[in-house]
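Numbering of the sequence shown is given in the numbering used here, commencing with residue 56 and proceeding in unit increments.
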Amino acid sequence: MALGFMDRLKDGPVLGDGGYYLELERRCLGSFAKGVPWAVLDHPEGLLQLHREFALAGAEVLQAMTWGVGRMERDEEVHRTAVELAREAAGPDRFVAGTLSPSGIGSYRRRSPLSAREKSEAQAFFERRVGQQTAAGVDLFIVETFYSVEEALLGLPPIKAAGVPAVVAFTYKSGEYTADRHLPDEVAKRLVDAGADVVGVNCGRPWYMYRDIMRKMMEAVSVPVCAQPLAYVLENGAEYTREIASGSSVHFALRHQPRREMADYARDAWDMGVGLIGACCGALPYHIRAMAEAIGKPTSMPDQPGPYQLL
56 MALGFMDRLK
66 DGPVLGDGGY
76 YLELERRCLG
86 SFAKGVPWAV
96 LDHPEGLLQL
106 HREFALAGAE
116 VLQAMTWGVG
126 RMERDEEVHR
136 TAVELAREAA
146 GPDRFVAGTL
156 SPSGIGSYRR
166 RSPLSAREKS
176 EAQAFFERRV
186 GQQTAAGVDL
196 FIVETFYSVE
206 EALLGLPPIK
216 AAGVPAVVAF
226 TYKSGEYTAD
236 RHLPDEVAKR
246 LVDAGADVVG
256 VNCGRPWYMY
266 RDIMRKMMEA
276 VSVPVCAQPL
286 AYVLENGAEY
296 TREIASGSSV
306 HFALRHQPRR
316 EMADYARDAW
326 DMGVGLIGAC
336 CGALPYHIRA
346 MAEAIGKPTS
356 MPDQPGPYQL
366 L
């Protein structure tokens, strides 16, 4: 690819992909009991197909399915294979993102600081994951679904040492505060000061509940911002997807947002100046296609003529 990711952002917003983790479980390619990331090795053809669907829809960044890879056997093989599959689907014209998810050391929603032992273990965990994915050849890292600024900051040094861009996206559960009680502007400033190249939000909530948080982040820093909101419909009165967080989503089907609403989100994010416009859990290829058409991105599998285009 001629341009690096950060150079590409200078030319205008980049379109991301959708959700893999829950979709692989829904397709019976991954299992909560065994661990969804095992789908990378157990059913690589199914994961490759999902990558290809997002690419056909118009995604310009494909995330390797490395979210949730914990301290498991064959982790190096999982990381390498995940990156290779994303790269095969991406071809020469799309970026492949490695993923860094919470370490699972201590409580990742905790308000109290990590102990010295927990901090050391988390640092080693992140260094291993970054090293394995970097060796496999990612173009950038997306540090996502973090609740604690303290923990996210531990993941940045190995990414910066690897010399690839770091996109850091936070999930907000309660109001506008992170688990360790930081407001959006504070979060953005602390992350940028620590070397984050792009900051933003992901998962947990749909776009309309993230818009104000996103605006406050944008006003606090000068770096590009990213949005990867939820593509499920929240239950009445809910602030976030409690069903996913609690594991109770296995008892009933979460409702996907209509493609039109995801298209409206993408257009609104484009108008706001969001740099990386993507999605998270619940976002399927047809959502990404609607988003692509809404902001004038090419798609290899167009919908009916003209339903989403910018006016």
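Even glycine gets a Cβ: it sits at the ideal position worked out from N, Cα and C.
No experiment lies behind these values; they were computed from the predicted model shown.
Asked                                                                                                          : Found
Sub-9 Å separation of Val222 and Glu199 beta-carbons                                                           : yes
Nearest candidate by alpha-carbon position, reference Glu205, set Thr296, Ser170 and Tyr75                     : Ser170
Reduced DSSP category for Val116 - H, G, I as helix; E, B as strand; rest coil                                 : strand
Enclosing alpha helix (DSSP H) for Gln283 [first to last residue]                                              : Gln283 -> not in any alpha helix (DSSP H); beta strand (DSSP E) instead, spanning Val280 to Gln283.
Validate contact between the region 262-278 and the region 316-330 using beta carbons, cut 8 Å, 3 pairs        : yes
Three or more C-beta pairs below 8 Å linking the region 170-182 and the region 137-153                         : no
Ser203 classed as buried or exposed, judged by whether at least 16 other C-beta atoms fall within 10 angstroms : buried
Complete runs of the alpha helix (DSSP H) confined to the region 190-277 [at least 4 residues]                 : 204-217, 239-248 and 266-275
Three-state secondary structure assigned by DSSP to Gly328                                                     : coil
Distance between beta carbons of Thr296 and Gly259, contact taken as under 8 Å                                 : 6 Å
Span separating the alpha-carbon of His106 from that of Arg142                                                 : 9 Å
Near the ligand FMN: Arg310 beta-carbon under 8 Å from a heavy atom                                            : The ligand FMN is not among the ligands present in this structure, which contains no ligands whatsoever.
Three CB pairs or more closer than 8 Å across the region 219-234 and the region 187-198                        : yes
Proximity to Thr154 [Cα-Cα], best of Asp235, Arg315, Pro261 and Val219                                         : Val219
Residues that DSSP places opposite Leu103 in a beta bridge                                                     : Bridge partners of Leu103: none, in fact.
Alpha carbon of Met317 to alpha carbon of Arg172, nearest angstrom                                             : 42 Å
Residue from Ala217, Pro261 and Gln104 whose Cα sits closest to the Cα of Asp323                               : Pro261
Proximity winner among Leu209, Leu211 and Met272, relative to His237 (alpha-carbon distances)                  : Met272
9 Å Cβ cutoff met for Gly71 and Cys281                                                                         : yes
Cβ neighbours of Glu132 in the same chain (closer than 7 Å, five flanking residues each side left out)         : Leu96
Span of the beta strand (DSSP E), counted from its first residue to its last, around Leu155                    : Phe150 to Leu155
Candidates Glu182, Ala190 and Lys228, of which the one nearest Pro213 by Cα                                    : Glu182
Run of the alpha helix (DSSP H) containing Lys439, from where it starts to where it stops                      : Past the edges of the chain, shown from 56 to 366, lies residue 439, and the structure says nothing about it.
Contact check, Leu140 vs Pro92, beta carbons under 9 Å                                                         : no
Buried versus exposed, by CB contacts within 10 Å (16 or more), Met120                                         : buried
Residue interval of the alpha helix (DSSP H) (run including Glu290)                                            : No alpha helix (DSSP H) holds Glu290; DSSP gives it neither H nor E.
Exposure label - Asp248; buried when at least 16 CB within 10 Å                                                : exposed
Residue range of the unbroken alpha helix (DSSP H) whose run includes Thr136                                   : Asp130 to Ala145
Buried versus exposed, by CB contacts within 10 Å (16 or more), Arg126                                         : exposed
Alpha-carbon spacing of Phe87 relative to Lys65, whole angstroms                                               : 39 Å
Pair within 9 Å by beta-carbon distance, Gly337 and Gln312                                                     : yes
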